[in-house]
Amino acid sequence: MQILKASMFLLLLLLISAISASGFGSMGPISAAFGDNGFFCAIDASGKQEVICWSKNSSFATSSSSSSSSTTTTTSSASTSLSTLESASEVPPMAALSGGEGFLCGILANTSQVFCWTLMGSVPLIKQGKAAAIIDRFVALPRNVEPLLKLADIAELAVREDPSERPTMSDLVNLLQQIVKDGLVL
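Residue numbers (mature numbering (1 follows the signal peptide of the UniProt record, and there is no 0)): -23 to -1, 1 to 163.
Next up, the structure:
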């Protein structure tokens, strides 16, 4: 009965704290950000796991961080062509990518942490693995985001890469009950 209550609580919590975010597809070696600021990126197959990104522009370019030279090739497209993003040089090596509306996120190849970026550069704090920056900016207005941060921490525990590091279902239920006990949710 307690598991049913905890499951219902979790469902209710997710419905109450739902925030608007758009994404598509599963993680992989190539992904796209859609919307007005759309671009796409791919993980270089050379083994270095470097990320190469392109957006609408007048030329197509490839660059390598291991050499000082860069090659530029002009494409002849009737409507649009592509160019590498300058901010892509800030994107560290990735294991997998996934896109959303105007942003991309990836799993860092060396630490398995989340790193997200837009056309303007990296999204603050996600680079350091902080859950706070993942929350939609509209949630942070006059609302209390502490419950969402706690829930994000619990979700992060549940999806650890090494199964031996993941909590059991009863541990997750206890963590959720502690949030309720602490009065962080209605």
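For every residue, glycine included, the Cβ atom is placed at its ideal position computed from N, Cα and C.
Would you kindly work out how many angstroms separate the C-alpha atoms of residue i and residue j, rounded to a whole number?
i	j	result
Lys33	Met97	14 angstroms
Val150	Phe92	28 angstroms
Arg143	Ser23	32 angstroms
Gly83	Lys127	22 angstroms
Asp21	Glu133	27 angstroms
Thr52	Ser8	Interpretation of Thr52 is limited by its pLDDT of 32, a score under 50 that renders its predicted location unreliable; no figure is taken from the coordinates.
Val157	Thr145	19 angstroms
Leu81	Phe16	9 angstroms
Ile131	Ala19	30 angstroms
residue 164	Asn87	Residue 164 lies beyond the residue range present for the chain, which begins at -23 and ends at 163; the question has no answer from this structure.
Ser35	Ala10	Any reading at Ser35 must be qualified, since the residue scores a pLDDT of 30, below 50, and its modelled position is unreliable; the value itself is stated next. Going from the Cα of Ser35 to the Cα of Ala10 covers about 19 angstroms.
Val68	Leu153	34 angstroms
Met71	Thr95	15 angstroms
Gln26	Gly5	12 angstroms
Taking 7 angstroms as the cut-off, is the CB of residue i close to at least one heavy atom of the ligand NAP?
i	result
Gly79	For the ligand NAP, the structure offers nothing, since it holds no ligand at all.
With DSSP as the reference, please indicate the residues paired to residue i in a beta bridge.
i	result
Lys25	The partner list for Lys25 (beta bridge, DSSP) is empty, contrary to what the question assumes.
Met71	Leu85
Ile7	Ala19
Lys127	Bridge partners of Lys127: none, in fact.
Which two residues bound the contiguous alpha helix (DSSP H) that contains residue i?
i	result
Ser147	146 to 158
Is the beta carbon of residue i sitting closer than 8 angstroms to the one on residue j?
i	j	result
Glu138	Ser75	no
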